[in-house]
Amino acid sequence: MPLEIIRNDITKMKVDAIVNAANQTLLGGGGVDGAIHDAAGPKLLAECRKLGGCETGSAKLTGAYRLPCRYVIHAVGPVWRGGGHGERDQLISCYRTSLALAKQKRCKTVAFPLISSGAYGYPKDKALKVAIDTISDFLFDNEMTVYIVIFDKAAYQISEKLFKDIAEYIDDHYAAEHFDLYRRQSQTLLPDEYGKRAAGTLSAWKYETADGFSENAAPPAPLAKAVRKAPAASLDEAVGMIDESFSEMLLRKIDEHGITDVQCYKKANVDRKLFSKIRSDKLYKPSKPTVLAFAIALELPLSETRELLMKAGFALSHSNKFDIIVEYFISRGNYNIFEINEALFAFDQSLLGV
Ligand code: AR6
Numbered sequence: 000m001p002l003e004i005i006r007n008d009i010t011k012m013k014v015d016a017i018v019n020a021a022n023q024t025l026l027g028g029g030g031v032d033g034a035i036h037d038a039a040g041p042k043l044l045a046e047c048r049k050l051g052g053c054e055t056g057s058a059k060l061t062g063a064y065r066l067p068c069r070y071v072i073h074a075v076g077p078v079w080r081g082g083g084h085g086e087r088d089q090l091i092s093c094y095r096t097s098l099a100l101a102k103q104k105r106c107k108t109v110a111f112p113l114i115s116s117g118a119y120g121y122p123k124d125k126a127l128k129v130a131i132d133t134i135s136d137f138l139f140d141n142e143m144t145v146y147i148v149i150f151d152k153a154a155y156q157i158s159e160k161l162f163k164d165i166a167e168y169i170d171d172h173y174a175a176e177h178f179d180l181y182r183r184q185s186q187t188l189l190p191d192e193y194g195k196r197a198a199g200t201l202s203a204w205k206y207e208t209a210d211g212f213s214e215n216a217a218p219p220a221p222l223a224k225a226v227r228k229a230p231a232a233s234l235d236e237a238v239g240m241i242d243e244s245f246s247e248m249l250l251r252k253i254d255e256h257g258i259t260d261v262q263c264y265k266k267a268n269v270d271r272k273l274f275s276k277i278r279s280d281k282l283y284k285p286s287k288p289t290v291l292a293f294a295i296a297l298e299l300p301l302s303e304t305r306e307l308l309m310k311a312g313f314a315l316s317h318s319n320k321f322d323i324i325v326e327y328f329i330s331r332g333n334y335n336i337f338e339i340n341e342a343l344f345a346f347d348q349s350l351l352g353v
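Under numbering that gives the first Met the number 0, the first residue of the sequence shown is numbered 0, with each subsequent residue one higher.
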């Protein structure tokens, strides 16, 4: 996945470059700066002394010495003074300069801490948003894997309101699912009876019978299409009647949406290699987070998201938080994959993408 948010100590990251949240002197300090200098050893400070400091909003590169990476990029973030003193632009510039330096050195993997969000007081949710927006802009035109490394859970908070909203949504849907399950176990109703009893909450339809659907039944559209096919005479023929595959449906939807492949996989936060595998292998079976990432990139409504999932053998379930959280965003028309990933991260779920 080109952009990942992970929880770790940045000094342990085995990447091409890690970014340090430094100060203008570049001579070390507390926080992540202190941890990086401690882990790299005194030679890092010796090299930093030769750099002559660095302006706020900029960055300079050194070797990594005892660290398990190749380079350290020392970025100087702004001190938060209320937000009206150009802090955001300076923070954006930190990320851009650091990414440009990494690119110059042909780095394929880079890890950032949340610059300015500690001693420099930049509010963490705002700092994270700047990081995500700036890095994803860069990744639109560049092939690189970038990690945003969050040190501790407390350092990472999606807005309290969003967290509460999602928590409520999870509660509501878990409850609904368990109620449904109870109902299914305690009653063996035909769906049309079930529909009547549900008093308008569900549209009534009947099970498929040997002669097809009864005339007044209204089966859900995909099922209706599937059962209209004449039955196969032999197993060979049945296997030959295979429906549109996941890959075919995805490529068709990309065309229908009038976007390019690149726009689609970038927006899905899926890397180019995986996309070409899907493109070249008609029967490729992706993971569920990958399918959902494409559904988000294509801004599919819930019904089409379910169809796409079905092509890869998956469904959206109300029995797991991951599905409910994704559904929460789709049902609100919020297709920002990075925001969705932030929320998934906050609820300890795996992220969308590869
Ligand atoms: N790995 C990843 N993230 C970390 C680590 C770690 N080992 N340690 C802390 N963080 P800060 P700033 C997180 O204060 O706000 C220094 O003294 C931390 O939770 O390190 O840019 C410099 O010399 C926070 O979210 O950097 C400067 O004087 C984030 O890293 C000044 O602090 C940044 O916190 C820079 O302040």
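Virtual Cβ for every residue (Gly too), placed ideally from N, Cα, C.
Along the alpha helix (DSSP H) that carries residue i, what are the first and last residues, could you check?
i: residue 111; result: Careful: residue 111 lies outside any alpha helix (DSSP H), inside the beta strand (DSSP E) at 108-111.
i: residue 55; result: Run containing residue 55: none; DSSP gives neither H nor E here.
i: residue 325; result: 320-330
i: residue 305; result: 301-310
i: residue 246; result: 245-255
i: residue 262; result: 260-266
i: residue 338; result: 336-345
DSSP state of residue i, grouped into three classes?
i: residue 105; result: coil
i: residue 31; result: helix
i: residue 142; result: coil
i: residue 48; result: helix
i: residue 290; result: helix
i: residue 173; result: helix
i: residue 74; result: strand
i: residue 6; result: strand
i: residue 148; result: strand
i: residue 273; result: helix
i: residue 365; result: The question about residue 365 has no answer, for the chain in this structure spans 0 to 353.
i: residue 36; result: helix
i: residue 136; result: helix
i: residue 314; result: coil
i: residue 93; result: helix
If you draw a straight line from the C-alpha of residue i to the C-alpha of residue j, how long is it?
i: residue 143; j: residue 165; result: 31 Å
i: residue 121; j: residue 79; result: 5 Å
i: residue 250; j: residue 278; result: 8 Å
i: residue 6; j: residue 150; result: 6 Å
i: residue 13; j: residue 68; result: 5 Å
i: residue 148; j: residue 128; result: 14 Å
i: residue 211; j: residue 321; result: At residue 211 the pLDDT is 34, less than 50, meaning the model places this residue with poor confidence; the figure from the coordinates comes in the next sentence. Answer to the nearest angstrom: the Cα atoms are 36 Å apart.
i: residue 255; j: residue 265; result: 17 Å
i: residue 34; j: residue 21; result: 11 Å
i: residue 81; j: residue 119; result: 11 Å
i: residue 253; j: residue 303; result: 13 Å
i: residue 59; j: residue 39; result: 16 Å
i: residue 247; j: residue 342; result: 30 Å
i: residue 52; j: residue 29; result: 17 Å
i: residue 32; j: residue 273; result: 36 Å
i: residue 275; j: residue 47; result: 42 Å
i: residue 36; j: residue 74; result: 14 Å
i: residue 317; j: residue 288; result: 16 Å
i: residue 298; j: residue 243; result: 20 Å
Could you please give the first and the last residue of the uninterrupted beta strand (DSSP E) stretch that includes residue i?
i: residue 20; result: 16-21
When every heavy atom of the ligand SAH is checked, does at least one fall within less than 7 Å of the C-beta of residue i?
i: residue 24; result: Inclusion of the ligand SAH in the displayed structure is not the case, the ligand content consisting of the ligand AR6 alone.
Within the structure, which residues are defined as neighbours of the ligand AR6 by a Cβ-heavy atom distance below 6 Å, reported in chain order?
So the residues near the ligand AR6 by this Cβ test are 8, 9, 10, 20, 21, 22, 28, 29, 30, 31, 32, 34, 76, 112, 113, 114, 115, 116, 117, 118, 119, 148, 150, 154.
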